[in-house]
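Residues in the sequence shown are numbered consecutively from 363, following the working numbering. Just so you know, even glycine gets a beta-carbon here, dropped at the ideal spot from N, CA and C. Reviewing the structure listed below.
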Amino acid sequence: MASCNTTLNNVFWSAGSYSGYAQKLVSCPSNLVTKTTSKSTYLPGETAGFSINVTNTLSTTISNISLKDIWPSCASFTGTFTSTLAGVQGSQNGNISTWTIPGSLAAGQSFTISFYGSVSTNSACIGQFQTNTATLSYYDGSSTKENTTTVNFSIAQVSDVVDIKKIIISPKS
């Protein structure tokens with residue numbers, strides 16, 4: 363089986379005064395990062411769960427890896443995250459969460475960062491569709507590249523709540 367971004371077959375041909383050269387290059391998937399949310403609709407004030415998965419689908423090791431997650435205006439990072447890769451460092455600046463990944467990631471290796479956000483209770487956010495964007499930055503041995511992924515969720519419209527109380531009055535004897 364051929365590796366990504368490698369030449370599978372080289373062919374040179376000639377027939378009389380005509381000649382040519384053909385080459386088959388095995389391409390790789392270009393998106394190394396995916397993002398998911400634990401559900402598509404959240405209630406105002408609810409905690410939303412997200413995961414970013416990075417898989418090195420290239421044939422080379424990548425390094426200088428960082429993830430940047432831009433929060434929509436109607437959600438904010440709670441500060442809690444876990445990683446399947448040891449040594450990941452996270453920071454927060456306004457609506458941008460950033461994670462720095464130590465070392466490098468060999469071809470075929472992957473890791474996942476899971477984290478949480480708080481959904482706004484602001485009335486302007488209720489019933490709105492939100493887009494959360496994550497960008498992976500890495501060095502592939504020749505240049506720095508970026509891959510971006512998004513996940514969408516909505517903030518549910520909550521109906522008015524009516525409290526009903528039933529009081530039993532016992533008859534006097």
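Check your understanding: Residues bridged to residue 503 by DSSP?
Key -> For residue 503, which the question treats as bridged, DSSP gives no partner whatsoever.
Review point. If you draw a straight line from the alpha carbon of residue 429 to that of residue 502, how long is it in whole angstroms?
Key: So the alpha carbons of these two residues sit roughly 15 Å apart.
Review point. So what does DSSP say about residue 441, is it helix, strand or coil?
Key: DSSP places residue 441 in the strand class (E or B) of the three-state scheme.
Point to revise | Burial state of residue 485 (16 or more Cβ within 10 Å) | key: By the 16-neighbour rule on beta-carbons within 10 angstroms, residue 485 is exposed.
Point to revise | Cβ neighbours of residue 474 in the same chain (closer than 6 Å, five flanking residues each side left out) | key: Result list for residue 474: 413, 415, 446, in chain order.
Check your understanding: Under the three-state reduction of DSSP, which class applies to residue 497: helix, strand or coil?
Key -> Reduced to three states, the DSSP call for residue 497 is strand.
Practice item. Can you grab the Cα-Cα spacing for the pair residue 399 / residue 514, in whole Å? Key: Cα to Cα, the separation comes out at about 8 Å.
Practice item. Give the straight-line distance between the Cα atoms of residue 516 and residue 489, rounded to the nearest whole angstrom. Key: Looking at the backbone, the Cα of residue 516 and that of residue 489 are separated by about 7 Å.
Practice item. Specify whether the segment 459-479 and the segment 506-513 touch according to this definition: at least 3 beta carbon pairs, one from each stretch, less than 8 Å apart. Key: Under the three-pair Cβ rule at 8 Å, the segment 459-479 does not count as touching the segment 506-513.
Exercise for review: State the Cα-Cα distance for the pair residue 385 and residue 472, rounded to the nearest angstrom.
Suggested key: Residue placement at residue 385 is poorly supported in this model, since its pLDDT is 49, which falls under 50; the coordinates are not used for a value here.
**Study point:** residue 442 versus residue 526: straight-line alpha-carbon distance, rounded
**Key:** Near 38 Å, if we compare the C-alpha coordinates of residue 526 and residue 442.
Check your understanding: If you run the structure through DSSP and keep just helix, strand and coil, what is residue 383?
Key -> Per-residue confidence for residue 383 stands at a pLDDT of 48, beneath the threshold of 50, marking its modelled position as unreliable; the derived number appears in the next sentence. Residue 383 falls in the strand class under three-state DSSP.
Exercise for review: Ignore the nearest five residues each way along the sequence and tell me which others in residue 422's own chain have a CB closer than 7 Å to its CB.
Suggested key: Counting only Cβ-Cβ distances below 7 Å, and skipping sequence neighbours, we find 469, 502, 503.
**Study point:** Alpha carbon of residue 383 to alpha carbon of residue 434, nearest angstrom
**Key:** At residue 383, the pLDDT of 48 sits below 50, so the modelled position is not reliable; the number obtained from the coordinates is stated separately. The alpha-carbon atoms of residue 383 and residue 434 are separated by roughly 51 Å.
Exercise for review: Express the C-alpha separation of residue 420 and residue 363 in angstroms, rounding to a whole number.
Suggested key: Here residue 363 scores only 44 on pLDDT, less than 50, and its place in the model is too uncertain to base an answer on.
Check your understanding: In the structure shown, what three-state DSSP assignment does residue 400 receive?
Key -> In the structure shown, residue 400 sits in coil (DSSP, three-state: anything other than H, G, I, E or B).
Check your understanding: By the 10 Å Cβ neighbour count, where 16 or more other Cβ atoms means buried, how is residue 531 classified, buried or exposed?
Key -> Exposed, by the Cβ-count rule.
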